[in-house]
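A.B. asks: My numbering puts the first residue of the sequence shown at 1, with every later residue one more than the last.
Quick reminder that beta carbons are idealized off the backbone N, C-alpha and C, glycines included.
Keep in mind the model is a prediction, meaning the values are calculated, not measured.
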Amino acid sequence: MIAMPLISVLMPAYNSELYIAEAIKSILNQSYQNIELIIFDDGSSDKTRRVIESFSDPRIIKILSDQNYGVVRARNEMIDKARGQYIALMDADDIADPSRLEKQLASLESGESDLCGSAQWVLDEVTGQLKKSKDKFTDSDLRSLLSVYCGLCNSAMMGRAEIFKRFKYDTSILTSEDYYLWVQMAAAGYRFLNLKERLITYRRYPAQTSSIHLDKFKLTTIEVQKKVFRIIGNILRALSAPATMAKAGSCWSGFATCFK
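1. Keeping to the same chain, check which residues put their C-beta closer than 7 Å to that of Lys168; ignore five residues upstream and five downstream.
2. Using the beta-carbon count (16 or more within 10 Å), is Gly111 buried or exposed?
3. Measuring CA to CA, which of Ile20, Ser26, Ser16 and Ile38 is closest to Leu6?
4. Given a cut-off of 8 Å, decide if Pro12 and Asp42 are closer than it, judged by their beta-carbon atoms.
5. Kindly indicate which three-state DSSP category Arg160 falls into: helix, strand or coil?
6. I think Gly117 touches Cys150, with their Cβ atoms under 8 Å apart; what is that distance to the nearest whole Å?
7. Identify whether Ile212 lies in helix, strand or coil by the three-state DSSP scheme.
8. Can you list, in chain order, the residues of its chain with a C-beta nearer than 8 Å to that of Leu18? Leave out the 5 residues immediately preceding and following it.
9. Rounded to whole angstroms, how far is the Cβ of Ile35 from the Cβ of Leu89, which I believe are closer than 8 Å?
10. Closest to Met109 by CA distance: which of Lys131, Gln33, Asp66 and Ala3 is it?
11. Just how far apart, CA to CA, sit Val9 and Ala187?
12. Please classify Met90: does DSSP put it in a helix, a strand, or coil?
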C-alpha cells in the first residue's frame, strides 16, 4: 500500500466571518483527503468563532482564544500542534483550488523542491475583478526576488513540517513575518518552487490587515530587507576572499547563487 502522508493545514483567523467558511470548505473538499485542518481563532470580535464551530468535520482541530495575540504567535502555536509530515499554509480569507494539496504534495515528494508554492488568482472584492498574479517559478528566480521583496504567496506555501518546526516565525516581526521566514529558509539552503498552476485565490479587500496597516506594513518590510542584507553580509564574510569576489555581484543583485 502506498503511504499517504498527513498534511497539516494551518489557518489563523481574526474577524474573518465573511470569508472563513469558504476557506474552510475549500480545504475540506480537497482531492487529497489525508489532512488535519488546524484553525486558530485569535480573539475575534465578530462571528468568526461561530462560523468555525459550525463545522463538525473530525479532521478540524479548533484553537479558540479569548485574547488577540497576533498572527505570528497564532502561526507558531499551530506549527507546534501540527502532526503531519507536511505543513500547508492557508489564510482564512483565501480559496484553495480542489487539487492544491495533491499537486503540491506530488511536487514535494518528487524531490524537486523543499518548499512549494503556486501562482495565484487575485480577487478584488471591491471591483469583482479576477486577475492573474505575476509570478516567478524557479528556485533561482525566487531567491533573486527575496533581496527586494517577497515573491512567495504565504497562503499558497507548503513544505516538510520539520522545516517549519526548525525555523517558525520571528515574534519580533508583526507584519511581513512570512518574508523573513522565507529568507531564513533560503539562507539555510532549502529550495523553493512555484507551480505554474493557479492553486490559490488570494482576496484583496479594504478591511484586510495588509490594507488597514499599509504604512506599518511598508516600514516593517524595510526592516526585514535590512535583515536580509545582514544575512547576505554574513554569507560573504564566511566565504574565502577569491570566492567572495566571484560571488559578490550575484549576491548583491539578488543572492541567487550565494545560497548554493
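C.D. replies: In short, the structure shows the following:
1. For the purposes of this step, residue 168 is identified with residue 168 of the sequence shown, where counting begins at 1. Within the same chain, Lys168 has close Cβ partners Asn76 and Ile79.
2. Taking the sequence shown and counting its residues from 1, one reaches residue 111 at position 111. Exposed, by the Cβ-count rule.
3. As a first step, residue 6 is located in the sequence shown; it is residue number 6 there, counting from the start. Closest option to Leu6, Cα to Cα, is Ile38.
4. By 1-based counting over the sequence shown, the position of residue 42 is 42. By 1-based counting over the sequence shown, the position of residue 12 is 12. Going by C-beta atoms, Asp42 is nearer than 8 Å to Pro12.
5. By one-based count along the sequence shown, residue 160 stands at place 160. DSSP places Arg160 in strand when its eight states are reduced to three.
6. For the purposes of this step, residue 117 is identified with residue 117 of the sequence shown, where counting begins at 1. For the purposes of this step, residue 150 is identified with residue 150 of the sequence shown, where counting begins at 1. About 11 Å; that fails the 8 Å criterion.
7. Within the sequence shown, the letter at position 212 stands for residue 212. Reliability of the predicted coordinates at Ile212 is poor, the pLDDT of 47 falling under 50, and no value is obtained from them.
8. As a first step, residue 18 must be located in the sequence shown, where it is residue number 18. These residues qualify, in order along the chain: Asp93.
9. In the sequence shown, residue 35 corresponds to position 35, counting from 1. In the sequence shown, residue 89 corresponds to position 89, counting from 1. In fact, because the Cβ distance is near 13 Å, the residues do not count as touching under 8 Å.
10. Mapped onto the sequence shown, residue 109 falls at position 109. Per the sequence shown, the amino acid found at residue 109 is Glu instead of Met. Residue Ala3 is the option with its Cα nearest to Glu109.
11. Residue mapping note: residue 9 aligns to position 9 of the sequence shown, counting from 1. Residue mapping note: residue 187 aligns to position 187 of the sequence shown, counting from 1. When rounded, the distance between both Cα atoms is 25 Å.
12. Walking along the sequence shown from the start, residue 90 turns up at place 90. It is coil, neither helix nor strand.
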